[in-house]
Every structure is written in C-alpha cells, then in structure tokens.
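Counting with our numbering, you get residues 192 to 364 for the letters of the sequence shown.
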Amino acid sequence: MKHKASPKDVERLVDEDGFLVSKTDVKGIIKYANRSFIKISGFTEGELLGANHNIVRHRDMPRSVFALLWERLNDKQEIFAYVKNMCKDGAFYWVLANVTPSLDTKGNVVGYYSVRRRPRRDAIEKVTRLYRSLLAEEGKHAKRKEAVQKGRALLNQVLHEEGVSYDKFILSI
Ligand SMILES: Cc1cc2nc3c(=O)[nH]c(=O)nc-3n(C[C@H](O)[C@H](O)[C@H](O)COP(=O)(O)O)c2cc1C
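Here is the structure:
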C-alpha cells in the first residue's frame, strides 16, 4: 500500500529519548515496527506490516542515499544515515538511522533491522543542504540509474573535499 498524501511543511519530532525500530525481510518488506515507529508514522500496524519500507519515503530524500544503503546491506555491512521520512498525513520527521543486516548461523542474510534516533538540529541543517544538492544533481538526469550514479559521484566528491569517509562524515555531523 502506498499512501497518497502530498508532503506538507509540518515537522514531527521524535521523542528525545525515543527509539524508532523496524525490521524487514530481505526485500525490505516491513515485518515488525515498534510502538514509537507506528505512532509517529501515522499508519496503523496493519498498514505497515507487509508494506514495502518505502511507504514512509519522503521525496526530499535523494535516491543515491538509498542506493548506498542497499549497497552496504547487500555487502552485509551496516550503515548510518540521516533520513527524512513522511507520515501518513504528509508531515515529516528526521531520524539518524542505523540499519543492519541480520545473519543466520551460516552467514546468510535473513532480514534487516533499523534503529533510529532524533538527530541534532544542526546536523539536520547540514544534511538538508547536502541532500538538496544531491537531489538537484539527480534531477538533471531523466534515467533513474544515471541519476543515482551522478548523485553518488557528487556525494563522493563532497566527501573527498572534506577528506573523510562516508561513515566518519555522518557520525561527525
Ligand atoms: C531495515 C530497513 C529500514 C528502512 N527504513 C527506511 C525508512 O525509514 N525510510 C525510507 O524512506 N526508506 C527506508 N528503507 C529503504 C527502503 O527500503 C527504500 O529503499 C527507500 O524508501 C527508497 O524507495 P524507492 O526505491 O521506492 O524510492 C529501509 C530499508 C530497510 C532494509
């Protein structure tokens, strides 16, 4: 199920001491969401379970960031990422997410797990500027694949200029 609300300029804040948790299968279909995640999303548990995780996707999020997320997960690596999500009514909320693959005893990926916290305001401002420039770059390319590639290239360029890895960058802002 995809929700049809238009994004609106209303921000919801994750509780300062709250953790938003969700689990998915290997395809990113939601299998579990904790109370805090359900509450802020505005969806019911029934609407979330079985839905693709992009049900909370906000259009202000660059494609290249999710491409990086899936690249990491496919490599059995974790990732930290700032994510702007959309609530059912079109409002938004920011999180700093840690997404990890869950492995069985043989090392096979059996699903994914995400824990999210409320980011600092100054970090949100910095990330908003970065994401705007990635979105603008992606927007210049009609083909999805090319948009992702160019977005990734710009992200790498920014990291190169800052002289840091993606993880260092994310955890330092
Ligand atoms: C465990 C896990 C948690 C995720 N959490 C989010 C999330 O909170 N918001 C989001 O937009 N995408 C999240 N994603 C990524 C989505 O699966 C999807 O790649 C993204 O929304 C982009 O969707 P699109 O390719 O349809 O544009 C998550 C993926 C996994 C595996």
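Cβ coordinates follow ideal geometry from the N, Cα and C atoms, glycine included.
Just so we're clear, the structure is a prediction, and the values are computed from it rather than from any experiment.
In this structure, the CA atom of G330 is about 7 Å from the CA atom of A338.
S197 is classed as exposed because its beta carbon has fewer than 16 other beta carbons within 10 Å across all chains shown. Cβ contact annotation for L362 (same chain, cutoff 7 Å, sequence separation greater than five): F271, in chain order. Distances from the CA of D266 to each of A224, R335, G298, V349 were compared; the closest alpha carbon is that of G298. For K199, same chain residues with a beta-carbon under 7 Å away, outside a window of 5 residues either side, are G281, A282 in chain order.
Note that the C-beta distance between V274 and L287 is below 9 Å.
Residue state for V247 is assigned as helix, using DSSP reduced to three classes.
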